[in-house]
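Numbering (the numbering used here), first residue to last: 774 to 1000.
Even for Gly, the Cβ is constructed at its ideal location relative to N, Cα and C.
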Amino acid sequence: MLKTRLLELRQGVLSKNDQIAERLRERFHSEGVLALNFVSAPGSGKTMLLERVLERLLRDGHRVAVLAGDLETDNDAQRLARTGALVHQIQTHGACHLEAEWVQQHIAEARWDLSDIEFLFIENVGNLVCPSSYDLGEDLRVVLISVTEGEDKPLKYPVLFNSADVAVITKIDLVEAVECDLELMKRNIRAVRPDMRIFETSAKRDIGIQPFVDFLIEERKQRFTFC
Ligand SMILES: Nc1nc2c(ncn2[C@@H]2O[C@H](COP(=O)(O)OP(=O)(O)O)[C@@H](O)[C@H]2O)c(=O)[nH]1
Ligand SMILES: [Mg+2]
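(1) Between Val-948 and chain C, is there a C-beta pair that is closer than 7 Å?
(2) Taking the beta carbon of Gly-899 as the centre, do at least 16 other beta carbons fall within 10 Å, making it buried, or is it exposed?
(3) If you follow the beta strand (DSSP E) that Arg-914 is in, where does it begin and where does it stop?
(4) Taking the alpha-carbon positions, what's the Ser-936 to Ala-964 distance?
(5) Let me know the secondary structure DSSP gives Ser-813 once reduced to three states.
(6) Mind checking whether Glu-922 and Gly-842 have CB atoms under 7 Å apart?
(7) Measure how close the beta-carbons of Leu-887 and Ala-858 come, nearest whole angstrom, since I'm counting them as under 8 Å.
(8) Check whether the Cβ of Leu-853 sits closer than 6 Å to any heavy atom of ligand 1, and report yes or no.
(9) At a cut-off of 6 Å, is Asp-946 close to ligand 1 when judged by its beta-carbon and the heavy atoms of the ligand?
(10) Is Ser-905 buried or exposed, if buried means 16 or more other CB atoms sit within 10 Å of its CB?
(11) Go through the residues and name those whose CB comes closer than 7 Å to any heavy atom of ligand 2, in chain order.
(12) Specify the secondary structure class of Thr-846 as computed by DSSP and reduced to three states.
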């Protein structure tokens, strides 16, 4: 009995979230914004990868904004704002994921003109379970996994990896130190999401960042050739 009710409530919440996410997606598309939802465990390197990506996009004249989600603090927003990008922090005060409604509210609160933004990065709360259920109106969901987390994590958290469109293996400068088997990690990612596009990066050593940036630019070009 309790189980059924919980399921009903959950479906109700999700369908409301999905409706808002769909409206957001339509808005993003009409304004030419490529929206990306970055998901991973805490500490996988979302903020540091974003710092490197933002630096490159801004250097080449692209217009970029970031919504940074965290339970508490605006540390990430402060780090990311140093790149010169538009940045706004969402503090969830305990919630383990972001919801479409909060994305909508915070875009309004930030008073951003979406027609002046080409790339909107959403850094989700560090968590390998909850964010997978919440569509934020993104075009691409990017899952990060660092080489220090263990090759088996895609198999242990298949829903998140399966719901992602692109994977980024981060901290590859540490492969030897932690004896990570990169090929096994990639096989495990593709076991839960066949044909997943996989990038390998080190934000610390500035390795593999440009191919990922080129991919984002190309994805936007393919969707918004009119802009
Ligand atoms: N060695 C190494 N450390 C990294 C790299 N990227 C991030 N880190 C470190 O990992 C920790 C967490 O990074 P952060 O970007 O805050 O992760 P987030 O919680 O996913 O946003 C920090 O101490 C970073 O300095 C990397 O490419 N190589
Ligand atoms: Mg972060």
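Quick answer:
(1) The displayed structure is made up of one protein chain only, and chain C is not part of it.
(2) buried
(3) 913 to 919
(4) 13 Å
(5) coil
(6) no
(7) That belief does not hold up - the Cβ atoms of Leu-887 and Ala-858 are roughly 15 Å apart, past 8 Å.
(8) no
(9) yes
(10) buried
(11) Lys-819, Thr-820, Ala-841, Asp-843, Asp-849, Glu-896, Gly-899
(12) coil
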